[in-house]
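Residue numbers (the working numbering): 759 to 1134.
Built from N, CA and C at the ideal position, the CB exists for glycine as well.
Keep in mind the model is a prediction, meaning the values are calculated, not measured.
1. Rounded to the nearest angstrom, what separates residue 1047 and residue 1057 at their Cα positions?
2. How long is the line joining the alpha carbons of residue 970 and residue 1129, rounded to whole angstroms?
3. For residue 957, name the three-state secondary structure that DSSP assigns.
4. Please report the Cβ distance between residue 1139 and residue 1093, rounded to the nearest whole angstrom; I am assuming they are in contact, meaning their Cβ atoms lie under 8 Å.
5. Identify which residue in 857, 786, 919 has its Cα closest to the Cα of residue 1014.
6. Residue 798: which of 906, 834, 792 sits nearest, CA to CA?
7. Taking residue 945 and residue 875 to be in contact with their CB atoms under 8 Å, please state how far apart those CB atoms are, rounded to whole angstroms.
8. Please look up how many angstroms separate the CB atoms of residue 955 and residue 1012, rounded, as I've assumed it's under 8 Å.
9. Per DSSP, residue 984 is paired with what?
10. Just confirm the distance between the C-beta atoms of residue 1135 and residue 1115, as a whole number of angstroms; I'd bet it's less than 8 Å.
11. So is residue 1017 buried or exposed if we call it buried at 16+ other beta carbons inside 10 Å?
12. Given this structure, state the Cα-to-Cα distance separating residue 1069 from residue 1031, to the nearest angstrom.
13. Under 8 Å between the Cβ atoms of residue 1087 and residue 859?
14. Restricting to runs no shorter than 4 residues, where is the alpha helix (DSSP H) found entirely within the region 885-962?
15. Taking three-plus beta-carbon pairs below 8 Å as touching, is the region 993-1005 in contact with the region 855-869?
16. Could you tell me whether any Cβ in chain D is nearer than 8 Å to the Cβ of residue 1074?
17. Judging by CA-CA distance, which residue of 957, 883, 963 is the nearest neighbour of residue 891?
18. State buried or exposed for residue 789, treating a residue as buried only when at least 16 other CB atoms are found within 10 Å of its CB.
19. Measuring only the C-alpha atoms, how far is residue 1127 from residue 952?
20. Which residues does DSSP list as the beta-bridge partners of residue 1093?
21. Going along the chain, which unbroken runs of the beta strand (DSSP E) with 3 or more residues stay wholly within the region 1038-1124?
22. Should residue 841 go down as buried or exposed, given a rule of 16 or more other Cβ atoms within 10 Å for buried?
23. Would residue 1065 pass as a contact of residue 1089 if the rule is Cβ separation under 8 Å?
24. Where do the N-terminal and C-terminal ends of the beta strand (DSSP E) with residue 874 fall, by residue?
25. Taking its Cβ as the centre, do 16 or more other Cβ atoms sit within 10 Å of residue 871, making it buried, or is it exposed?
26. According to the neighbour-count rule (16 or more other Cβ atoms, all chains shown, within 10 Å of its Cβ), is residue 780 buried or exposed?
27. Whole angstroms are fine: how far does the CA of residue 964 sit from the CA of residue 1029?
28. Using a Cβ-Cβ cutoff of less than 6 Å, which residues in the same chain neighbour residue 881 once the five nearest sequence positions on both sides are dropped?
29. What separation, rounded to the nearest whole angstrom, lies between the Cα atoms of residue 776 and residue 1060?
30. By Cβ distance below 6 Å, which residues in the same chain neighbour residue 1021 in space, the five residues on each side in sequence not counted?
31. Between residue 1071 and residue 786, is the Cβ-Cβ spacing less than 8 Å?
32. If I measure Cβ to Cβ from residue 1038 and keep anything under 7 Å in the same chain, skipping five residues before and after, which residues do I get?
33. Candidates 867, 1105, 878, 1107: which alpha carbon is nearest residue 1123's?
Structure (structure tokens):
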């Protein structure tokens, strides 16, 4: 049986998340035609990599990512590092012939995105970007309904993604609020997900505008010294799609009372849909063809029980009736990549999709707070 060796670059939060995905795939997908082997884990702080090595059974830990590229028994490089090093690590991995799984955003600049697309198109590797929101069963069902014409003609939409993590002014500035390392603020971090799910469900963008806010212009660094914050906490995007639908995408880390709230609303000429990741087991659909009389008839939103009904799952564990969650969507995202790799097919969403979203975000920064549209 084919065995795929995995090397992960980055042992922080996302490194742990991606490790979790690889470890748990066999629980949810019976009869896998391949095995997954955790070979190497890399982090610039070696002790963090060693901790994951010891806890999850990686064969070795290193502080130099090139050690992973030199190993012939590593087939997959998984990149979970800060944004400023993505480009270098992606290009090096492609040139070494490794298949790639990359956390979002793809990189920072358009020039970096163009080079990645050029190099990966000349390669024979399989690649995927971790837009895991696509892999909730409810989102898969939503996509099916759109393809089936349930909505009729799409008219409008609203996508919001809320956290509350930047509300405390005493929280020190992390790498995501360091413009040199992150390249952008909440737009890059969470907006990449929100824009991708809009793109996935409604197609390509035609024109966009954006306004943004920095709630606290100064924060303390790790030494307690005040430093300038140049990365936005909150953005509101107006957009028109190529299919004519108009809507807004709002992304924020300063929404009091939120946790990890991705909300999707799409309204068409015949139907409407709603979904929220804090209530991930149900997709709410509205069908205008239902009778409205007498006294409301059967008209209204219906809760569709998507729960854990992943159409790709081949396991009875834990069963389709049990609740779904954020980590399960990551597992499904990883499985999609490995399944396509094993079958020799290009995975979707690919690094090409990641480059498209990267260019949309950079276009938005060009018109940020200018009351202008950018056409893409």
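On the basis of the coordinates in this document:
1. 8 Å
2. 11 Å
3. helix
4. Here the chain comprises residues numbered 759 to 1134, so residue 1139 is not present and cannot be evaluated.
5. 919
6. 834
7. Rounded, the Cβ-Cβ distance is 21 Å, inconsistent with contact.
8. Separation of the CB atoms of residue 955 and residue 1012 is rounded to 21 Å, and the pair is thereby denied contact status at 8 Å.
9. According to DSSP, which records beta bridges pairwise, residue 984 is partnered with 978.
10. One cannot answer for residue 1135 here, as it falls past the ends of the chain, which runs 759 to 1134.
11. exposed
12. 20 Å
13. no
14. For secondary structure counted as the alpha helix (DSSP H) over 4 or more consecutive residues, the region 885-962 holds these complete runs in sequence order: 895-905, 937-940, 950-960.
15. Verdict: no, contact absent.
16. The chain labelled as chain D is not found in the depicted structure, where only one protein chain is given.
17. 957
18. exposed
19. 19 Å
20. Beta-bridge pairing links residue 1093 to no other residue.
21. As far as the region 1038-1124 is concerned, its whole beta strand (DSSP E) runs of at least 3 residues are 1040-1045, 1059-1063.
22. buried
23. no
24. No beta strand (DSSP E) contains residue 874, which is instead part of the alpha helix (DSSP H) from 868-880.
25. buried
26. buried
27. 23 Å
28. 852
29. 34 Å
30. 918, 1034
31. With respect to residue 786, residue 1071 sits close: the two C-beta atoms are nearer than 8 Å.
32. 894, 896, 1082, 1083
33. 867
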